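K.L.:
Protein chains in written order, with the working numbering: chain A, 1 to 143; chain B, 144 to 240.
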């Protein structure tokens, strides 16, 4: 039996999280929610089972989504990540130039809100599939 | 002579016996403060993805006028109660643009 993938959804807007949870659970994923970057770090530190994918809103206070991704990478806790924002990619590059320079803003790791459920789920599947392939090559997952 | 900062620049190690999470978290404090571009700090406005109403105190959402969000304001996007209900009823958001 294929284990259910666990996805951590980080967004400061509870209705957005609820919508995303609904979509993901409908596809059989296990969903954990965090309302901030700090809460996400806390959850990742406590998680008994690995989190397979992080879905992170970009604009949050006090810690934005890009900073969360960077901090996790610095702690060797890199998790496959899908960033989401109501801003278009070009606007985010303008507002968060460091993230663009760091290569965080790759098109296939970003989805623009509002998104069509199918597009969103396809993107999630793509990233999880890629992460699985990477693991299969023996790259391993930092825990 | 170095001036001792209010908090250590390196994470404390006294809880390395497996309960070091909070010390490690301290390491992030400076990063957290620097995360959101400086010009936007305190200027995040929550706006509905569908109707563009702006969230004010509590869960009150209002239309805020066309020029209420200058370039220095960062928008956080969510759903107001009415649009969220509609979203759940239809199963998908309106696609704008």
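Quick reminder that beta carbons are idealized off the backbone N, C-alpha and C, glycines included.
Only a predicted model underlies this, so the values are computations on that prediction, with no experimental measurement involved.
What's the gap between the Cα of residue 35 of chain A and the Cα of residue 204 of chain B?
P.N.:
20 Å
K.L.:
First and last residue of the beta strand (DSSP E) that includes residue 57 of chain A?
P.N.:
53-57
K.L.:
What do you get for residue 117 of chain A, buried or exposed, if any count of 16 or more other CB atoms within 10 angstroms of its CB means buried?
P.N.:
Buried.
K.L.:
Residues of chain A with a CB under 9 Å from the CB of residue 189 of chain B: which are they?
P.N.:
12 and 13
K.L.:
Output the distance between the C-alpha atoms of residue 113 of chain A and residue 192 of chain B, rounded to the nearest integer angstrom.
P.N.:
7 Å
K.L.:
Looking only at C-alpha atoms, which of A:87, A:5 and A:50 sits nearest to residue 58 of chain A?
P.N.:
A:87
K.L.:
Does any residue of chain A bring its CB to less than 8 Å from the CB of residue 199 of chain B?
P.N.:
no
K.L.:
Should residue 11 of chain A be labelled buried (16 or more other beta-carbon atoms within 10 Å of its own) or exposed?
P.N.:
buried
K.L.:
Look at the Cβ atom of residue 41 of chain A, then the Cβ atom of residue 32 of chain A, and state whether they are nearer than 8 Å.
P.N.:
no
K.L.:
Just to check my reading of the structure: residue 73 of chain A and residue 127 of chain A have Cβ atoms closer than 8 Å, yes? What is that Cβ distance to the nearest angstrom?
P.N.:
In this structure, residue 73 of chain A and residue 127 of chain A do not form a Cβ contact; the two beta carbons are roughly 16 Å apart against a cut-off of 8 Å.
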